[in-house]
Amino acid sequence: MVLQRMGSVKAASATLVAALAVVFALTLMKGTYSFGGLWSTEAHRNRSIDLQLFDAWNNPTLWYAPWLDAVGNVALFIPFGFLLVTILAGHWKAPIIFSTMLGFLMSVGIEATQYVYAIGYTDLDDVLCNTVGAFMGACFARILGSRGRGLVVTFFLVGALCILAEMILSIVF
Numbered sequence: 001m002v003l004q005r006m007g008s009v010k011a012a013s014a015t016l017v018a019a020l021a022v023v024f025a026l027t028l029m030k031g032t033y034s035f036g037g038l039w040s041t042e043a044h045r046n047r048s049i050d051l052q053l054f055d056a057w058n059n060p061t062l063w064y065a066p067w068l069d070a071v072g073n074v075a076l077f078i079p080f081g082f083l084l085v086t087i088l089a090g091h092w093k094a095p096i097i098f099s100t101m102l103g104f105l106m107s108v109g110i111e112a113t114q115y116v117y118a119i120g121y122t123d124l125d126d127v128l129c130n131t132v133g134a135f136m137g138a139c140f141a142r143i144l145g146s147r148g149r150g151l152v153v154t155f156f157l158v159g160a161l162c163i164l165a166e167m168i169l170s171i172v173f
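Quick look at the structure:
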């Protein structure tokens, strides 16, 4: 019963706010904190742009860097697509397309902001991976159906709150 309520529009909306906070913190504040030692804060205080798809795979600085970047960007937007479809279910005729397009537009906005304010690397790969993540999340929500979404919404909420707590702790300590 509780998990079924977690699949409600209110619970999904609250979770979307937490998930968006994680997205914006991980993409636009990465010069102010270190997340589990995955990156150097100093490395993200620059302005660069890469408009060639999969360019980072040619000569990576670390062998796992392109994998971490691609998988991380996809995973970052899966909750976004999933939660939007959960919220929009029954209100839009094409929630998967809408969620995917909104994920794309949000990603372009993030990359443009990163470039304007010199917050790391503006990369076309990120836009593609973020859009794929939003699409995958939207499809997963549609496949799962309304009865099974509560557990996933709970997982996303707990995950987002844990990530935000870790970020805050890394700034404080």
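Mapping to the UniProt record's numbering: the sequence shown position 6 is 6, numbers consecutive. All residues carry an ideal CB built from backbone N, CA and C; glycine is no exception.
For Tyr121, the enclosing beta strand (DSSP E) begins and ends at 120-123.
Under DSSP, Arg47 takes part in a beta bridge, and its partners are Gly120. Excluding residues up to 5 positions away in sequence, Ile78 lie with their Cβ nearer than 6 angstroms to the Cβ of Met136 in the same chain. Sorting Thr122, Ala89, Cys162 by C-alpha distance to the C-alpha of Leu144 places Ala89 at the top. Distances from the CA of Ile171 to each of Thr27, Gly31, Met101 were compared; the closest alpha carbon is that of Gly31. Here the alpha carbons of Gln52 and Thr15 stand approximately 34 angstroms from one another.
Taking Val85 as the centre and dropping the five residues before and after it, the same chain places the C-beta of Pro95, Ile96, Ser99, Ala138, Ala141, Arg142 closer than 7 angstroms to its C-beta, in chain order. If you draw a straight line from the Cα of Tyr117 to the Cα of Arg147, it is about 43 angstroms long. Distance from the CA of Met101 to the CA of Ile163, rounded to the nearest whole angstrom, comes to 26 angstroms. Our two residues, Leu62 and Lys93, have alpha carbons roughly 44 angstroms apart in a direct line.
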